[in-house]
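The listed protein sequences correspond, in order, to chains R and G.
Those letters in the first sequence? Residues 12 to 216, per our numbering, in order.
Those letters in the second sequence? Residues 69 to 714, per our numbering, in order.
Notes follow once the structure below has been shown.
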Amino acid sequence: MSSHATATLDHHNDPTTSTGIPNKKLLMWAFLASDCMFFGTLISTHMIYRLHPPPGNPDPRAVFDIPLTSFSTFILLMSSLMMALAVNAIQKGNVRSMRFSLLTTIFFGLIFLGCQVYEFSHFVHDKGLTISNSILGSTFYTLTGTHGLHVLIGVIWLTAMYFYSFTGRVTEKQAIDVESMGLYWHFVDIVWIVIFTVVYLLEYL
Amino acid sequence: MDATVKSSFIAEQPKAPAKPLVLWRPSAKTGLISWLTTVDHKRIGIMYGLFAIFFFLVGGIEALLIRLQLAVPNNDILTAHQYNTLFTMHGTTMIFLAVMPLGSAFFNFIMPLQIGARDVAFPRLNAFSLWTFVAGAIIVNIGWFLPEGAPDGGWFGYAPLTSKTFIPRHSIDFWVMGLQLLGVASIAAALNFIVTIINMRAPGLTMMRLPVFTWMTLITSFLIVLSFPAITIALVELMMDRQFGTNFFEVSNGGMPILWQHLFWIFGHPEVYILILPAMGIVSEILPTFARKPLFGYPIVVFSGACIGFLGFAVWSHHMFTTGMGTVATAAFSLATMAIAVPTGVKIFNWIGTIWGGHLKMRTPMMFALGFIWMFMIGGFSGVMHSAAPADAQQQDSYFVIAHFHYVLIGGSIFALLAAIHFWFPLMFGRKVSEFWGKLSFWAIFVGFNVTFFPMHFLGLNGMPRRTFTYDGNMGWNSANLIATVGAFILGVGIALYFAVVIYTFFKGEKTSRDPWDGRTLEWSIDTPPREYNFAVIPTVHARDAFWYEKHHKEEIAKEKAEHAQAEDSHGGIHMPFQSVWPLVASVGALVGGIAACYHNLAWSLVGLVILLAGIFLWALEGADGYHIHLDKDGNILDEDAHAKH
């Protein structure tokens with residue numbers, strides 16, 4: 012009986028397609044291109060209003076808590092590392108290792124979301140920044156809230172995949188599904204890097 | 069590696085593969101359930117077409133009511149509010165519920181056949197797109213039956229008119245939510261088509277051998293995927309302003325309504341190319357077929373289509389020349405708009421080159437295609453007149469704009485889509501529309517259309533503004549308006565005649581055999597109507613106009629097909645996807661949640677969300693499974709007993 016130390020399936024080439032790229036992967040990339048335009052529009056709205064602040068618009072530097080947000084950014088980045096490990100594991104057929112990596116990804120994702128919930132409530136109650144009382148509030152909460160919603164959807168997807176893996180139906184053959192999830196998760200992470208830079212850090216330049 | 073060493077890095081020995089979670093596997097092949105759970109691109113295409121035709125007629129009635137009101141000055145058939153609702157719904161209906169789904173009908177039915185595929189890449193996602201489109205159409209129109217009324221803020225929903233301050237009614241919320249669902253449906257379908265065209269082409273079908281209609285499907289799909297997010301966010305921001313008191317367009321708190329215009333038109337301009345590129349693709353199939361010549365300048369026609377798609381993102385502010393953007397912006401957009409006329413003109417020259425020296429067969433589809441070239445050109449001329457910003461200062465918001473876009477949308481998109489219905493009807497239904505009645509309906513439409521919209525060029529230049537429910541009798545606009553109304557009713561008769569003929573043909577028309585037009589592309593190589601599995605043997609493509617090559621190299625192709633038939637059969641047969649109910653369930657959830665959200669009803673919004681999530685989860689859990697079929701020598705599906713013998 013041969014061992015399964017190396018992958019027996021080719022996870023990088025699908026001979027049944029015209030390009031060799033698996034259909035699900037191409038679908039996810041095309042969807043992410045669309046999601047790029049989606050976040051691009053929200054970020055543009057924020058940037059435009061940043062250039063035209065009305066009188067009375069709060070100063071972001073008086074509101075933002077950079078150490079907190081840097082921490083949550085770092086956590087989200089680490090979650091992407093865990094996600095990459097999960098994909099790697101299932102491509103080698105190692106479901107147990109994938110499960111562990113998925114769980115840590117979920118855990119870090121939840122920490123990020125928790126930090127965001129704390130941040131939002133801190134801004135509302137202690138800094139007086141609400142979604143409706145200023146243009147900064149409107150653009151900030153809508154943009155970061157939409158991103159947080161994307162993270163939440165990712166966490167739900169990851170959790171579903173995690174529990175599904177206990178039914179024995181997640182094997183090396185299903186690595187493409189985990190990889191698609193990974194692409195989505197990395198995208199959400201990259202969008203956050205852009206948001207953190209352009210919304211938070213840019214105020215301090 | 070020593071097999072006796074157990075390491076945690078060695079994968080566990082897989083148990084026998086567990087079956088996916090299947091709650092219900094619909095298997096009816098006929099009847100209502102079979103249509104509601106179908107994943108067959110041909111059936112989905114037909115359903116898109118039926119809904120599109122229904123809404124086209126609804127939009128047409130809305131237009132006739134508008135024209136009745138404007139037939140004479142100071143008319144009082146409609147109140148101002150009713151008039152606002154009618155022009156809002158006429159625009160919204162025609163663009164999102166008629167032209168786009170009619171294009172989708174052909175993308176769905178024809179494109180997989182043109183690339184030699186058995187279906188699209190994600191059949192259940194395809195069904196989801198259809199049902200979500202229906203949900204969006206319902207929400208946009210539900211206001212007609214409710215006290216708040218149908219949407220009445222214009223099809224472009226300018227802020228701050230659409231804010232809660234000026235239109236507190238839910239009519240605008242229906243518009244926002246309906247458009248969001250329509251956007252989701254369009255994006256999902258476009259993603260599906262992109263993957264299908266790039267990844268599921270028959271062997272030998274390189275990109276530069278693709279039929280032009282398939283190319284235009286691909287470019288249109290990219291436009292949808294990249295431009296719809298802009299309107300999605302614009303609508304989200306509007307919804308946030310209306311529901312949660314944000315300030316995106318709220319001037320008193322720093323909002324800038326001009327932002328709405330930018331975001332809307334960043335979507336809106338690519339949208340009009342989404343409406344016209346499929347039409348250009350259709351014309352690029354019909355002209356070669358009925359001129360009995362290959363398309364002139366195929367690579368240039370394809371490249372021009374791509375250029376139009378690309379440049380389409382660079383011209384949006386030509387809808388905003390009179391908003392005071394400043395000289396630099398205005399000049400830049402003016403230039404870009406003039407530039408986009410170039411690839412369009414190039415296509416026209418290539419179409420003329422296709423016809424030139426051809427052996428013309430003046431069948432009904434050809435009449436519509438030739439009408440397209442001429443009418444679209446007129447629309448293009450008035451368009452390029454708009455591109456000069458100083459001229460546009462006079463023309464903007466006048467009837468000149470209405471003349472322009474109806475020439476490109478009716479004379480362009482609709483003519484091509486009406487041509488496509490006649491052209492592909494024999495393929496889809498095995499019957500041909502009568503030449504006499506087809507041509508009669510063409511002429512009625514052609515005359516009615518021109519009588520309606522040509523006078524509007526003069527009305528516009530003589531100062532008649534858009535979107536006003538009545539006009540005074542001493543402006544000099546009376547006769548042109550009356551002529552336009554008469555024309556509109558002639559057009560209405562023409563359209564009614566056209567569809568009456570088509571419906572009659574469906575039930576009683578002359579039956580045709582395969583390939584009635586001596587076609588050039590692969591969709592004509594199969595049975596009419598096509599079998600469920602499309603191709604008995606996946607074709608191998610040797611050249612552009614793949615079917616034309618097949619017809620002129622019969623022996624080579626016959627040998628190839630025999631070899632491939634054997635290979636496919638020995639690999640288990642033809643793979644067909646299972647039907648599924650979950651895409652429909654998910655769409656129902658979106659419908660329920662969408663309507664509830666318009667009314668701020670948290671409980672029912674959650675119900676809708678739960679149904680949506682349940683639909684998605686069960687969809688994922690049932691897996692993308694299918695079954696295999698084998699065929700006898702006549703292409704009939706062998707039953708299960710025969711299958712067991714293999």
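Glycine included, every Cβ here is placed at the ideal spot set by N, Cα and C.
A quick note: this is a predicted structure, and the numbers were derived from the prediction, not measured.
Discussion item. I'd like to know if F77/G contacts chain R, where contact means its C-beta is closer than 8 Å to some C-beta of that chain.
Written reply: Here residue 77/G corresponds to residue number 9 of the second sequence, with the count starting at 1. Since pLDDT at F77/G reaches only 47, below the 50 mark, its modelled position is unreliable, and the value read off the structure follows with that caveat. Chain R contact via Cβ: present.
Discussion item. Am I right that I558/G and G516/G are in contact with their C-beta atoms under 8 Å? What's the rounded C-beta distance?
Written reply: Sequence index remark: in the second sequence, residue 558/G carries index 490 (1-based). Sequence index remark: in the second sequence, residue 516/G carries index 448 (1-based). Rounded, the Cβ-Cβ distance is 3 Å, consistent with contact.
Worksheet item: Can you list the beta strand (DSSP E) stretches of 3 or more residues lying completely in the segment 581-659 of chain G, in chain order?
Response: You should have 642-645.
Item to complete: May I ask you to list, following chain order, the residues of the segment 326-349 of chain G that have a beta carbon less than 7 Å from some beta carbon of chain R?
Response: Residues passing the 7 Å Cβ filter: L327, L331.
Worksheet entry | Exposure of N209/G, with buried meaning 16 or more beta-carbon neighbours within 10 Å | Counting from 1 along the second sequence, the entry for residue 209/G is found at position 141. Looking at its Cβ environment, which holds 16 or more other Cβ atoms inside 10 Å, N209/G is buried.
Worksheet item: Using the beta-carbon of each residue, which ones in chain G are nearer than 9 Å to L38/R?
Response: Sequence index remark: in the first sequence, residue 38/R carries index 27 (1-based). Within chain G, the residues near L38/R are A189, F190, L193, L259, N260, I262, V263.
Practice prompt. Identify the contact partners of M48/R in chain G, using a Cβ-Cβ distance below 7 Å as the criterion.
Written response: Taking the first sequence and counting its residues from 1, the one referred to as residue 48/R is at position 37. L294, P297, A298, listed in chain order.
Item to complete: Just mark E80/G as buried or exposed, buried being the case when its beta carbon has 16 or more other beta carbons within 10 Å.
Response: Translated into the one-based positions of the second sequence, residue 80/G becomes position 12. With a pLDDT of 49 at E80/G, under the threshold of 50, the predicted position of this residue should be treated as unreliable, though the coordinate-derived value follows. So E80/G counts as exposed.
Worksheet item: Whose C-alpha, out of L495/G, G657/G, L527/G, R599/G, is nearest the C-alpha of R582/G?
Response: The sequence position of residue 582/G within the second sequence is 514, counting from 1. In terms of CA proximity to R582/G, L495/G leads the group L495/G, G657/G, L527/G, R599/G.
Worksheet item: Between the Cα of I134/G and the Cα atoms of L229/G, I121/G, L677/G, Y151/G, which residue gives the shortest distance?
Response: Counted from its first residue, the second sequence places residue 134/G at position 66. Nearest C-alpha to I134/G: Y151/G.
Discussion item. Taking a contact to mean a Cβ-Cβ separation below 8 Å, would you say G641/G touches I697/G in this structure?
Written reply: In the second sequence, counting from the first residue as 1, residue 641/G sits at position 573. In the second sequence, counting from the first residue as 1, residue 697/G sits at position 629. Result yes, Cβ atoms of G641/G and I697/G sit closer than 8 Å.
Worksheet item: In the segment 170-183 of chain R, which residues sit with their C-beta less than 9 Å from some C-beta in chain G, listed in chain order?
Response: Listed by position along the chain: A171, Y175, T178, G179, R180, T182, E183.
Worksheet item: Where does R61/R fall in DSSP's three states?
Response: Position 50 of the first sequence, counting from 1, holds the residue named residue 61/R. R61/R: helix per DSSP, three-state reduction.
Item to complete: Could you check if D460/G is buried or exposed, using at least 16 other CB atoms within 10 Å of its CB as the buried criterion?
Response: Here residue 460/G is taken as the residue at index 392 of the second sequence, counted from 1. Answer is buried; the Cβ neighbour count reaches 16.
Worksheet entry | Identified DSSP bridge partners for L699/G | The count along the second sequence starts at 1 and reaches residue 699/G at position 631. According to DSSP, which records beta bridges pairwise, L699/G is partnered with I705/G.
Discussion item. Within a Cβ cutoff of 6 Å, which residues of the same chain sit near G139/R, ignoring the five residues on either side of it in sequence?
Written reply: Here residue 139/R is taken as the residue at index 128 of the first sequence, counted from 1. None.
Fill in: is_contact[F42/R, chain G] using C-beta, thresh 8 Å
If you number the first sequence from 1, residue 42/R lands on position 31. Closer than 8 Å: yes.
Fill in: Interface residues of chain G facing N34/R [CB-CB closer than 7 Å]
Sequence index remark: in the first sequence, residue 34/R carries index 23 (1-based). Those are A189, V263, N267, listed as they occur along chain G.
Discussion item. Let me make sure I understand the geometry here. Which of H643/G, H337/G, L527/G has the alpha-carbon closest to that of I299/G?
Written reply: Here residue 299/G refers to the residue found at position 231 of the second sequence. Nearest to I299/G by alpha-carbon distance, out of H643/G, H337/G, L527/G, is H337/G.
Worksheet item: Are the segment 684-700 of chain G and the segment 236-245 of chain G touching by the rule of at least three beta carbon pairs closer than 8 Å?
Response: Touching, no, given that fewer than three Cβ pairs across the two stretches are closer than 8 Å.
Practice prompt. To the nearest angstrom, report how far apart I368/G and W103/G are at their CA atoms.
Written response: Position 300 of the second sequence holds residue 368/G. Position 35 of the second sequence holds residue 103/G. The alpha-carbon separation between I368/G and W103/G amounts to approximately 40 Å.
Worksheet item: Where does P533/G fall in DSSP's three states?
Response: Here residue 533/G is taken as the residue at index 465 of the second sequence, counted from 1. Three-state DSSP puts P533/G in a strand.
Discussion item. Quick check on the burial criterion: 16 or more other C-beta atoms within 10 angstroms. Buried or exposed for N704/G?
Written reply: Counted from its first residue, the second sequence places residue 704/G at position 636. Here N704/G is exposed. Its C-beta has fewer than 16 other C-beta atoms within 10 Å.
Item to complete: Going by CA-CA distance only, name the one from P271/G, M434/G, M430/G, H474/G that's closest to G451/G.
Response: On the second sequence, position 383 is the one that residue 451/G refers to. The residue from P271/G, M434/G, M430/G, H474/G with its alpha-carbon nearest to that of G451/G is H474/G.
Worksheet item: In chain R, what lies closer than 7 Å to N602/G by C-beta?
Response: Within the second sequence, numbered from 1, the residue matching residue 602/G stands at position 534. Near N602/G there are no residues of chain R at all, since even the closest Cβ is about 17 Å away, more than 7 Å.
Practice prompt. Can you tell me which of the three DSSP states R107/R falls into?
Written response: What you label residue 107/R is simply residue 96 of the first sequence in a count that begins at 1. Helix at R107/R.
Discussion item. Contact criterion: CB-CB distance below 8 Å. Does P26/R meet it with respect to chain C?
Written reply: Included in the structure are the protein chains R and G, with no chain C among them.
Fill in: Beta carbon of F615/G nearer than 8 Å to that of W585/G
Here residue 615/G refers to the residue found at position 547 of the second sequence. Here residue 585/G refers to the residue found at position 517 of the second sequence. No; because the gap between Cβ atoms is not below 8 Å, this pair is not in contact.
Worksheet entry | Rounded C-alpha distance that separates T153/G from F521/G | Taking the second sequence and counting its residues from 1, the one referred to as residue 153/G is at position 85. Taking the second sequence and counting its residues from 1, the one referred to as residue 521/G is at position 453. Straight-line Cα distance between these residues: approximately 21 Å.
Discussion item. Please give the ranges of any alpha helix (DSSP H) in the segment 127-189 of chain R, keeping only runs that are unbroken, at least 4 residues long and fully inside the region.
Written reply: Runs of the alpha helix (DSSP H) lying entirely within the segment 127-189 of chain R and spanning at least 4 residues, in chain order: 146-175.
Worksheet item: Between the segment 98-123 of chain R and chain G, which residues of the former have a C-beta closer than 9 Å to a C-beta of the latter?
Response: Cβ contacts with chain G come from K103, G104, N105, V106, R107, S108.
Worksheet item: Nearest to N194/G by CA position, among T405/G, H330/G, G448/G, Y116/G, is which residue?
Response: By 1-based counting over the second sequence, the position of residue 194/G is 126. The option with the nearest alpha carbon to N194/G is Y116/G.
Fill in: D200/R, DSSP secondary structure in three states
The residue given as residue 200/R occupies position 189 in the first sequence. Helix at D200/R.
Discussion item. Tell me the DSSP secondary structure of S231/G in three-state form.
Written reply: Translated into positions along the second sequence, residue 231/G becomes position 163. Secondary structure of S231/G (DSSP, three-state): coil.
Fill in: DSSP-derived helix/strand/coil call for R360/G
Residue 360/G sits at position 292 when you count from the first residue of the second sequence. Here DSSP, grouped into helix, strand and coil, assigns R360/G to coil.
Worksheet item: Going straight from the alpha carbon of Q462/G to that of L229/G, what length do you get?
Response: By one-based count along the second sequence, residue 462/G stands at place 394. By one-based count along the second sequence, residue 229/G stands at place 161. Using only the alpha carbons, I get a separation of about 23 Å.
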